[in-house]
Amino acid sequence: PEGAYDGCDGFAATIDQEGKVNPVRKAYTCGDGRAVFMHGGFPKLKQGILDFFGGCKPQVDALAAAAGQWKDAAALEDAMQAKGLAATLCRTPGEWRASEAGGARGGDDG
Numbered sequence: 004p005e006g007a008y009d010g011c012d013g014f015a016a017t018i019d020q021e022g023k024v025n026p027v028r029k030a031y032t033c034g035d036g037r038a039v040f041m042h043g044g045f046p047k048l049k050q051g052i053l054d055f056f057g058g059c060k061p062q063v064d065a066l067a068a069a070a071g072q073w074k075d076a077a078a079l080e081d082a083m084q085a086k087g088l089a090a091t092l093c094r095t096p097g098e099w100r101a102s103e104a105g106g107a108r109g110g111d112d113g
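According to this note's numbering, the residues represented by the sequence shown are 4 to 113, in order.
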């Protein structure tokens, strides 16, 4: 697809509410300004995320502070995935296509 990436603007309210209801299933910003989406929607994943951050409370403010301590979002993604957690760097469509996973799917969406 061509053109500017508009993000998920049409879903902003839904995304905001989901993060309030389930703070371990939300994107958090790191020190470099990039975000990592964490999926703790299942008990084992939720506990894994909280344990990863040293017993962090399942609250938006606590998780935001913990993620914000990471200066590099890609490093946080790598560290969480190495522990078997469901976490991914929030990428633009172009970044996704250029990534190993995006390239592995082949083809063009355009």
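Every residue, glycine too, gets a C-beta built ideally from N, C-alpha and C. The model shown is predicted, which means the values in this text are computed figures rather than measured ones.
Quick one: grab the DSSP three-state call for residue i.
i, result
"Leu92", "strand"
"Lys86", "coil"
"Gly58", "coil"
"Gly113", "Residue confidence for Gly113 is low, a pLDDT of 47 falling below 50, so the modelled location carries little weight; the figure read from the coordinates is stated next. It is coil, neither helix nor strand."
"Asp81", "helix"
"Gly97", "helix"
With respect to the beta strand (DSSP E) encompassing residue i, which residues constitute its N-terminal and C-terminal limits?
i, result
"Phe40", "Ala38 to His42"
Nearest by alpha-carbon distance to residue i: which of the options is it?
i, options, result
"Leu3", "Ala78, Ala69 and Gly106", "It is not possible to answer for residue 3, since the shown part of the chain is limited to 4 through 113."
"Lys29", "Gly36, Arg37, Met41 and Ala82", "Met41"
"Asp75", "Arg37, Asn25 and Lys23", "Arg37"
"Gln62", "Phe55, Asn25 and Ala89", "Asn25"
Starting from residue i, follow the alpha helix (DSSP H) in both directions and report where the run begins and ends.
i, result
"Lys47", "Pro46 to Phe55"
"Val27", "Premise fails: Val27 is in no alpha helix (DSSP H) and is neither H nor E."
"Asp64", "Val63 to Gly71"
Which residues in the same chain as residue i place their Cβ atom closer than 6 Å to its Cβ, once the five residues preceding and following it in sequence are excluded?
i, result
"Gly44", "Arg28"
Ignore the nearest five residues each way along the sequence and tell me which others in residue i's own chain have a CB closer than 8 Å to its CB.
i, result
"Gly71", "Tyr31, Thr32, Cys33 and Gly34"
"Gly106", "Arg100"
Which residues in the same chain have their Cβ closer than 7 Å to the Cβ of residue i, if we skip the five residues on either side of it in sequence?
i, result
"Leu92", "Arg37, Val39, Ala76, Ala77 and Glu80"
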